[in-house]
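For the sequence shown, numbering that gives the first Met the number 0 begins at 0 and goes up steadily by one. I have placed the structure first, in the form of structure tokens, so that the comments after it can refer back to it.
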Amino acid sequence: MKYCYKKRLHQILHKIYTFHFISQDKIPQYARWNLLGRIYILLRISRIRLNFIDHDDVKPCLIISPGGVASSMLMLHTLRFADINDASDADCLKHIPYPMPGLGKSRILYLYGDPETIYESLRRRDLQRFHIAKLGTGIWPLLYLLPRWMLNNFMSQPIRKLLLSAIREQIRAFREYDSDLVLCVKHEDIWKRKEDIAKHFGITDPAFIRDFPQKRSRNTRKQYPEKG
Numbered sequence: 000m001k002y003c004y005k006k007r008l009h010q011i012l013h014k015i016y017t018f019h020f021i022s023q024d025k026i027p028q029y030a031r032w033n034l035l036g037r038i039y040i041l042l043r044i045s046r047i048r049l050n051f052i053d054h055d056d057v058k059p060c061l062i063i064s065p066g067g068v069a070s071s072m073l074m075l076h077t078l079r080f081a082d083i084n085d086a087s088d089a090d091c092l093k094h095i096p097y098p099m100p101g102l103g104k105s106r107i108l109y110l111y112g113d114p115e116t117i118y119e120s121l122r123r124r125d126l127q128r129f130h131i132a133k134l135g136t137g138i139w140p141l142l143y144l145l146p147r148w149m150l151n152n153f154m155s156q157p158i159r160k161l162l163l164s165a166i167r168e169q170i171r172a173f174r175e176y177d178s179d180l181v182l183c184v185k186h187e188d189i190w191k192r193k194e195d196i197a198k199h200f201g202i203t204d205p206a207f208i209r210d211f212p213q214k215r216s217r218n219t220r221k222q223y224p225e226k227g
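Quick look at the structure:
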């Protein structure tokens with residue numbers, strides 16, 4: 000009975016996951032303003048959290064982060080040389096809270112940085128609740144369903160505390176994960192370790208190093224803003 004229930008739940012979530020009533024590249028923007036879109040995002044995230052991952056959908060190379068650490072910039076550059084996960088997080092793998100068994104043998108680059116700096120980067124772009132849904136555990140992702148004005152006016156401090164805790168827990172989970180498949184790199188070291196990143200992903204094209212994006216000040220608008 001338990002197996003049948005789990006199998007049926009898997010089938011339902013798979014139908015939801017594959018029913019793309021929103022264009023994949025517009026999901027993050029749509030979800031910020033529309034309740035139906037936010038429910039859709041949570042259902043997609045729940046499929047990943049329950050480890051209902053279709054191995055055929057998982058790319059051989061993954062870039063994962065808490066956000067706010069130039070992951071979008073690096074992903075948009077790397078996709079020219081390797082088969083990686085979606086830069087706008089349409090596959091819900093960019094901000095998973097911990098290494099999941101369903102990722103199989105994918106090679107993971109985990110980017111991280113100072114939690115306070117990451118939080119401020121997310122706050123400036125009004126992405127707090129979006130990232131709580133992706134990084135949070137238990138019932139906290141349900142906060143994503145609440146109106147933005149309610150969270151910003153009445154729950155800003157609890158949201159800050161929860162998100163900082165989730166960011167720190169994700170950093171701990173990936174840094175303590177003992178596997179040759181995971182390479183952890185701090186935001187400020189990305190440019191110094193571009194050769195290590197290329198080697199980790201098996202990239203031999205010299206253009207990866209030659210055309211590597213220039214480092215930008217964290218206080219200026221990013222060339223490739225995070226979408227989630």
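Just so it is clear, CB atoms sit at the ideal spot from N, CA and C, and this is done for glycine as well.
Sub-8 angstroms separation of residue i and residue j beta-carbons
i, j, result
"Met72", "Pro212", "yes"
"Gly103", "Val57", "yes"
"Leu150", "Gly66", "no"
"Leu114", "Arg167", "Residue 114 is actually Pro in this sequence, not Leu. Yes."
"Ile208", "Lys185", "no"
Residue i to residue j span [Cα, whole Å]
i, j, result
"Phe153", "Arg159", "12 angstroms"
"Leu145", "Ser155", "13 angstroms"
"Thr203", "His76", "14 angstroms"
"Leu162", "Ile131", "6 angstroms"
"Ile117", "Ala165", "11 angstroms"
"Ala86", "Arg106", "16 angstroms"
"Val68", "Leu110", "7 angstroms"
"Asn84", "Pro157", "31 angstroms"
"Lys191", "Asp210", "14 angstroms"
Beta-carbon proximity list for residue i, same chain, < 7 angstroms, skipping 5 on both sides
i, result
"Arg174", "Cys183"
"Ala81", "Cys60, Phe200 and Ile202"
"Met74", "Ile62, Ile83 and Ala86"
C-beta neighbour in chain B for residue i, strict 8 angstroms
i, result
"Leu145", "No chain B appears in this structure, which consists of one protein chain only."
Proximal residues to residue i (C-beta, below 8 angstroms), its chain only, five neighbours per side dropped
i, result
"Pro140", "Leu41, Ile44, Ile131, Ala132 and Lys133"
"Leu180", "Lys104, Ser105, Arg106 and Ile107"
Proximal residues to residue i (C-beta, below 6 angstroms), its chain only, five neighbours per side dropped
i, result
"Ile170", "Tyr111"
- With a cut-off of 8 angstroms, do at least 3 Cβ pairs link the segment 191-198 to the segment 115-123? no
- Segments assigned alpha helix (DSSP H), at least 4 residues, entirely inside the segment 142-182: Under the rule that a run must span 4 or more residues, the alpha helix (DSSP H) segments found entirely inside the segment 142-182 read 147-153 and 155-174.
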